[in-house]
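J.: Provided herewith is a single structure, encoded as structure tokens, for subsequent inquiry.
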Amino acid sequence: MGALWKDSIYLQREQLARMLHEPLARLAGRCTEAWPDRQRLNAVLAQGFGDIPHCTFLYCMGTDGVQICDNIANDGIVPGYFGRDRSQRPYMKEAVPAWGFLLSDAYISQTSRRPSLTALQVVRSDAQTRGYLGADFDLRNLPVTSELYEEPGYWRQVKGDPSIRSNVFQQCRVESPMDGNLEQALSILEELLADRGVFQCQIHFSSSQATIWTVDDPFRYRILDHEALSDPDICLVYPRRPYPGHAAIPQRDIKRILSTLRALRLTDPTIYLRLASINLFNGMVSLTFSCDGSHYMPHEEFLLKDVAFWF
Numbered sequence: 025m026g027a028l029w030k031d032s033i034y035l036q037r038e039q040l041a042r043m044l045h046e047p048l049a050r051l052a053g054r055c056t057e058a059w060p061d062r063q064r065l066n067a068v069l070a071q072g073f074g075d076i077p078h079c080t081f082l083y084c085m086g087t088d089g090v091q092i093c094d095n096i097a098n099d100g101i102v103p104g105y106f107g108r109d110r111s112q113r114p115y116m117k118e119a120v121p122a123w124g125f126l127l128s129d130a131y132i133s134q135t136s137r138r139p140s141l142t143a144l145q146v147v148r149s150d151a152q153t154r155g156y157l158g159a160d161f162d163l164r165n166l167p168v169t170s171e172l173y174e175e176p177g178y179w180r181q182v183k184g185d186p187s188i189r190s191n192v193f194q195q196c197r198v199e200s201p202m203d204g205n206l207e208q209a210l211s212i213l214e215e216l217l218a219d220r221g222v223f224q225c226q227i228h229f230s231s232s233q234a235t236i237w238t239v240d241d242p243f244r245y246r247i248l249d250h251e252a253l254s255d256p257d258i259c260l261v262y263p264r265r266p267y268p269g270h271a272a273i274p275q276r277d278i279k280r281i282l283s284t285l286r287a288l289r290l291t292d293p294t295i296y297l298r299l300a301s302i303n304l305f306n307g308m309v310s311l312t313f314s315c316d317g318s319h320y321m322p323h324e325e326f327l328l329k330d331v332a333f334w335f
């Protein structure tokens, strides 16, 4: 998982750096003539602010990380920042590459408490480093230049609470109301998933409820309690819908998935299923067991494992 989302972040940062490097380098060149005069630097940054796309603040620092001018924003000078020691901020702890430009990792801003990042451009004159031109950016204002991150489709395992894992063999499953009527409850969920427009379902076996999302109203969930999961009439509340043609899980596999979930819930009194979810569009099944460990896996791989594999 880490490699995929980090690759996506890398591509996004690379494109942002290409967009920001040249205008910041030009502005840093103009700062050398005013360095280190506070008022003159304020004027240079105010004049060049519009050349730095999506910027929130511009400022200059000495090599010690102490600010030598005010913050400059789109509407002018922002008082209260002159003399600020930025040497311990995350972006000042990163090594600036030899070419003199750094786009920092994202961090949480001290003032706005929002995800932000900073671009640093080294200011040089007579082959000597005078300090840094800093440009702060609110992540909300930056364009998304890469495609939406896509969740990986391979099997992942996530360890849960260590205190639960250490006591797993000292516990025993207590039959929930759903357990006593599990076959009927899962038949109702099969109908909803296969024929009634439900595309995601979370089954909470221990608390005897299910949370569902429908294609007709995908941004809001609905909760089916034990009473609803015991009454097939609940299906009448949800209109029939054709099975989505672009679903990653074939309609014929829904029954097999639910049957396997039933076995994982009831087979062993110590290692048993507490929570499971199915999403038709990403094709994944998730499982959380009594040991608090969770698995996220493609439905094809899930169906290839027999029940004995899990115990």
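Take this note's numbering: the final residue in the sequence shown is number 335, and no numbers are missing along the way. Built from N, CA and C at the ideal position, the CB exists for glycine as well. A quick note: this is a predicted structure, and the numbers were derived from the prediction, not measured.
1) Tell me whether Asn66 sits in a helix, a strand or coil according to DSSP, three-state version.
2) Would you call the CB atoms of Gln226 and Ser314 closer than 7 Å?
3) Any heavy atom of the ligand PLP closer than 6 Å to the Cβ of Glu214?
4) Which stretch, first to last residue, makes up the beta strand (DSSP E) that contains Ser140?
5) Since Tyr131 and Tyr105 should fall inside the 8 Å C-beta cutoff, what is the C-beta to C-beta distance between them, to a whole number of angstroms?
6) Count the other CB atoms, across all protein chains shown, that sit within 10 Å of the CB of Ser140; report buried if there are 16 or more and exposed otherwise.
7) Is there a Cβ of chain D sitting closer than 7 Å to that of Ser211, yes or no?
8) Tell me the DSSP secondary structure of Asn306 in three-state form.
9) Under 8 Å Cβ to Cβ from Ala70, same chain only, skipping five residues before and after it: list those, please.
10) Can you tell which of Ile273, Asp61, Thr294 and Thr153 has the C-alpha that lies nearest to the C-alpha of Val309?
11) Return the Cβ separation of Leu253 and Ala234 in integer angstroms, given the expectation that the two are a contact with Cβ distance under 8 Å.
12) Hey, how far is the Cα of Trp237 from the Cα of Tyr178?
13) With a threshold of 7 Å on Cβ separation, who are the neighbours of Cys259 within its own chain once the five nearest residues in sequence on each side are excluded?
14) In whole angstroms, what is the alpha-carbon distance linking Val261 and Gln208?
15) Rounded to the nearest angstrom, what separates Leu40 and Ala159 at their Cα positions?
16) Just confirm the distance between the C-beta atoms of Ile76 and Gly155, as a whole number of angstroms; I'd bet it's less than 8 Å.
17) With H, G and I counted as helix, E and B as strand and the rest as coil, what does DSSP make of His319?
18) Just the C-alpha distance for Ser318 and Leu299, rounded to the nearest angstrom, thanks.
19) Grab me the residues of Ala218's own chain with a C-beta within less than 7 Å of its C-beta, minus the 5 sequence neighbours each way, in chain order.
20) On the criterion of 16 or more Cβ atoms from any shown chain inside 10 Å, does Val147 qualify as buried, or is it exposed?
21) Sort Glu57, Glu251 and Val68 by Cα distance to Asp203 and report the nearest one.
22) Please go through the same chain and pick out, in chain order, the residues whose beta-carbon is closer than 7 Å to the beta-carbon of Gly107, but skip the five residues on each side of it.
23) Report yes if the CB atom of Ser128 is closer than 7 Å to the CB atom of Glu118, and no otherwise.
24) Using a Cβ-Cβ cutoff of less than 7 Å, which residues in the same chain neighbour Gly72 once the five nearest sequence positions on both sides are dropped?
25) Can you tell me which of the three DSSP states Pro47 falls into?
26) Once DSSP output is grouped into helix, strand and coil, what is the label at Ile76?
27) Please say whether Leu304 and Phe243 have beta carbons closer to each other than 7 Å?
T.: Working from what's here:
1) helix
2) no
3) Here there are no bound small molecules, and the ligand PLP is not part of this structure.
4) Pro139 to Ser149
5) That pair is no contact at about 17 Å.
6) buried
7) The structure shown contains no chain D; it is built from a single protein chain.
8) coil
9) Ile96, Gly100 and Ile101
10) Ile273
11) 6 Å
12) 23 Å
13) Ile212, Glu215, Leu216 and Arg220
14) 17 Å
15) 13 Å
16) That belief does not hold up - the Cβ atoms of Ile76 and Gly155 are roughly 17 Å apart, past 8 Å.
17) strand
18) 9 Å
19) Tyr267, Gln275 and Ile278
20) buried
21) Glu251
22) Val90 and Gln91
23) yes
24) Leu51 and Arg54
25) helix
26) coil
27) no
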